[in-house]
Amino acid sequence: MLMTDETSSAVASRAAAHPLWESLKTFDFAAAAGSPGCDLPIRSFSRRLAGEQGWSPAFTARVLEEYRRFLFLTAVAGEAVCPSEEVDAAWHLHLIFTRSYWDGLCGKVLGRPLHHNASAGGPAEGAKHRGMYRRTLRAYREWFGGDPPADIWPPVWRRFDPRSRHRTIDLRDHWIIRRPGWWRRGRAGRMTLATVPVVAAVPLVADGLGPLDWKGPEFLLLYGLLWLACLVGTLIYRSIQCNVTVNDDRELTAEEVACLAHGPKSAIRATIAGMLEGGELTSESCGGLTSSTTNFLLQSVATDAPLDGAIAAAIREACTPEARSLAAVEGDSGVEHAVEQVRNCLRADGWLLDEEQRSKLRMVPVGAFSCLLLLGVVKVAVGLERHKPVEFLVVASIATLAAMIWAAMAPRQSWAARHLLANLRAQHRDRLADSAPDLVLLAGLFGAVALTGSELATYKK
Numbered sequence: 015m016l017m018t019d020e021t022s023s024a025v026a027s028r029a030a031a032h033p034l035w036e037s038l039k040t041f042d043f044a045a046a047a048g049s050p051g052c053d054l055p056i057r058s059f060s061r062r063l064a065g066e067q068g069w070s071p072a073f074t075a076r077v078l079e080e081y082r083r084f085l086f087l088t089a090v091a092g093e094a095v096c097p098s099e100e101v102d103a104a105w106h107l108h109l110i111f112t113r114s115y116w117d118g119l120c121g122k123v124l125g126r127p128l129h130h131n132a133s134a135g136g137p138a139e140g141a142k143h144r145g146m147y148r149r150t151l152r153a154y155r156e157w158f159g160g161d162p163p164a165d166i167w168p169p170v171w172r173r174f175d176p177r178s179r180h181r182t183i184d185l186r187d188h189w190i191i192r193r194p195g196w197w198r199r200g201r202a203g204r205m206t207l208a209t210v211p212v213v214a215a216v217p218l219v220a221d222g223l224g225p226l227d228w229k230g231p232e233f234l235l236l237y238g239l240l241w242l243a244c245l246v247g248t249l250i251y252r253s254i255q256c257n258v259t260v261n262d263d264r265e266l267t268a269e270e271v272a273c274l275a276h277g278p279k280s281a282i283r284a285t286i287a288g289m290l291e292g293g294e295l296t297s298e299s300c301g302g303l304t305s306s307t308t309n310f311l312l313q314s315v316a317t318d319a320p321l322d323g324a325i326a327a328a329i330r331e332a333c334t335p336e337a338r339s340l341a342a343v344e345g346d347s348g349v350e351h352a353v354e355q356v357r358n359c360l361r362a363d364g365w366l367l368d369e370e371q372r373s374k375l376r377m378v379p380v381g382a383f384s385c386l387l388l389l390g391v392v393k394v395a396v397g398l399e400r401h402k403p404v405e406f407l408v409v410a411s412i413a414t415l416a417a418m419i420w421a422a423m424a425p426r427q428s429w430a431a432r433h434l435l436a437n438l439r440a441q442h443r444d445r446l447a448d449s450a451p452d453l454v455l456l457a458g459l460f461g462a463v464a465l466t467g468s469e470l471a472t473y474k475k
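So in our numbering the end of the sequence shown lands on 475, straight run, no missing numbers.
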């Protein structure tokens, strides 16, 4: 398929001036697939790709355009590059057309073989490919003068999400229900879901002088629909507000992962566990990591990480054994400052939500549940005045109060952070039983259970 004006965007001058890009622009996948002597039946390359992936013709054309750009980057980036899943699907299909791929593309256009190397699996390979993909996006911006399309080149955390949206499914045994377009289009569409219970309650509200005059069953039905609307609206509102842009142009440190997963204290404790494992710290007793009888002695500091240095300084400057306990180290001003810097970096990159964002998350849901709670309390008062049973309404009001308290506890993490942590936990879960060298990361992800099987197992308390 030849690239057209409709399926391609303007290319920055650096790539446009390169002779390889001119050759790639004129490389015709369709002609190669249907040429005499082709090792597969004659069929349009783009039609086959669209059919196998379930894509529209327009989206398939865009993917092939990005595949051309990926091929260009393999030659000019100066290091190994990693495709997105969509681009990789086009690459996989092209490899099947061996004459087109090896003779036409590699032999005549690239002038060298281009092999598809699969990942060996495991955390180390995962980290390597995340780094490759991150550098690929950077090279894309450098050569093509802008960000790649997010629906084809997703950010790093989404590209390597273990809960990938791509699956091979036998359609003879499964039904596939496509998400409606209004859901995929984003905020306005998703919020309509929360209005369904409200719309269902409209006939109830219109039938009568007012809900406070209704009989118990009718009012409880209305109250239940409104409660459901508030709950669904809160979940959707959170998903929208937590879906912030993150800067995943670098790999997070183990301390940052620990802070992201469980908070600042987890970062401190995971760092101390790593320093104990590395011999930089020793302890005078072993009543558990959090025990007041366990205090630490500094041996050496083999890293320039700010949090490690702050912990080492706090222990070095302590005058009494009690001042070298975990509680004392966590309360040290230098350590608090260092861990706050870690949190600020996570906030700046979009992994943690700042206080303003969390306030927005609280305000709307708490306000909705507060109004609903007020309605329930007033109806209870009306029922008591009229000597009517109000037990079910009291229970419903208590449930509303509990939901309001839950809504007030706004999440700390962005949507991307949750996906990243799920990805890391899935990659490292099998290593919990091993004496893994990256104990700080494991302790940050899984807590004290990561110490099992290591020399620090006695610190699990």
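Glycine included, every Cβ here is placed at the ideal spot set by N, Cα and C.
| Query | Result |
| --- | --- |
| Exposed or buried, what is Ile329 when buried is set at 16 or more other beta-carbons lying within 10 Å of its beta-carbon? | buried |
| Is Pro162 closer than 8 Å to Glu80 when the C-beta atoms are compared? | yes |
| Throw me the rounded Cβ distance for the Trp171 and His433 pair, which I believe falls under 8 Å. | 5 Å |
| Determine contact between the segment 412-420 and the segment 382-397, defined as no fewer than three beta-carbon pairs at a distance below 8 Å. | yes |
| Give every residue of the same chain whose Cβ lies closer than 7 Å to the Cβ of Gly293, excluding the five residues on either side of it in the sequence, and list them in chain order. | Gln313 |
| How long is the line joining the alpha carbons of Asp187 and Val95, rounded to whole angstroms? | 37 Å |
| Glu405 to Met423, Cα distance in whole Å? | 28 Å |
| Taking the alpha helix (DSSP H) that Phe158 belongs to, which residues open and close that run? | Pro137 to Phe158 |
| Three-state secondary structure (DSSP) at Gly222? | Confidence at Gly222 is low in this model, with a pLDDT of 49, below 50, so the placement of that residue is unreliable and no value is reported for it. |
| Taking the alpha-carbon of His351 as reference, which of Lys279, Gly288, Ala332 and His32 has the nearest alpha-carbon? | Lys279 |
| Could you name the residues of the same chain whose beta carbon sits closer than 8 Å to that of Thr88, not counting the 5 residues immediately before and after it, in chain order? | Val95, Leu124 and Leu128 |
| I think Glu269 touches Thr285, with their Cβ atoms under 8 Å apart; what is that distance to the nearest whole Å? | 6 Å |
| Quick check on Arg338: buried or exposed, where buried means 16 or more other Cβ atoms within 10 Å of its Cβ? | buried |
| Among the residues of its own chain, which have a CB less than 8 Å from the CB of Arg199, if the five just before and after it don't count? | Only weak support exists for where Arg199 lies, its pLDDT of 49 falling under 50; the coordinates are left without a value. |
| Would you call the segment 130-137 and the segment 64-79 touching, i.e. three or more CB-CB distances under 8 Å? | no |
| Can you tell me whether Leu185 is buried or exposed, with buried defined as 16 or more other CB within 10 angstroms of its CB? | exposed |
| Can you tell which of Gly461, Ala431, Gly238 and Ser37 has its C-alpha closest to the C-alpha of Arg443? | Gly461 |
| With DSSP run on the structure shown, which of helix, strand or coil describes Ser60? | helix |
| Any idea if Asp547 is buried or exposed, counting beta-carbon neighbours within 10 angstroms, 16 or more meaning buried? | Because the chain in this structure spans residues 15 to 475, residue 547 falls outside the shown range and cannot be described. |
| Contact check, Phe86 vs Leu34 under 8 Å by CB: the rounded distance? | 6 Å |
| Using the three-state DSSP reduction, which class does Ser280 fall into: helix, strand or coil? | helix |
| What are the partner residues of Phe86, as DSSP defines its beta bridges? | None; Phe86 has no bridge partner. |
| Do the segment 376-385 and the segment 239-255 make contact, defined as three or more Cβ pairs closer than 8 Å? | yes |
| Quick one: Cα of Leu107 to Cα of Met146, how far? | 22 Å |
| Alpha helix (DSSP H) containing Thr248: first to last residue? | Gly230 to Gln255 |
| Strictly by DSSP, which residues pair up with Gln427? | Leu366 |
| Ignore the nearest five residues each way along the sequence and tell me which others in Glu354's own chain have a CB closer than 8 Å to its CB. | Pro278 |
| So what's Thr296 in DSSP terms, helix, strand or just coil? | strand |
| Taking buried to mean at least 16 other C-beta atoms within 10 Å of its own C-beta, is Asn261 buried or exposed? | exposed |
| Once you ignore the five residues that flank Asp175 on each side, which residues in its own chain have a CB closer than 6 Å to its CB? | His433 and Asn437 |
| Using alpha carbons as the reference points, say which of Glu370, Gln255, Asp227 and Val343 lies closest to Val396. | Asp227 |
| Can you have a look at Glu100 and say buried or exposed, based on whether 16 or more other CB atoms are within 10 angstroms of its CB? | buried |
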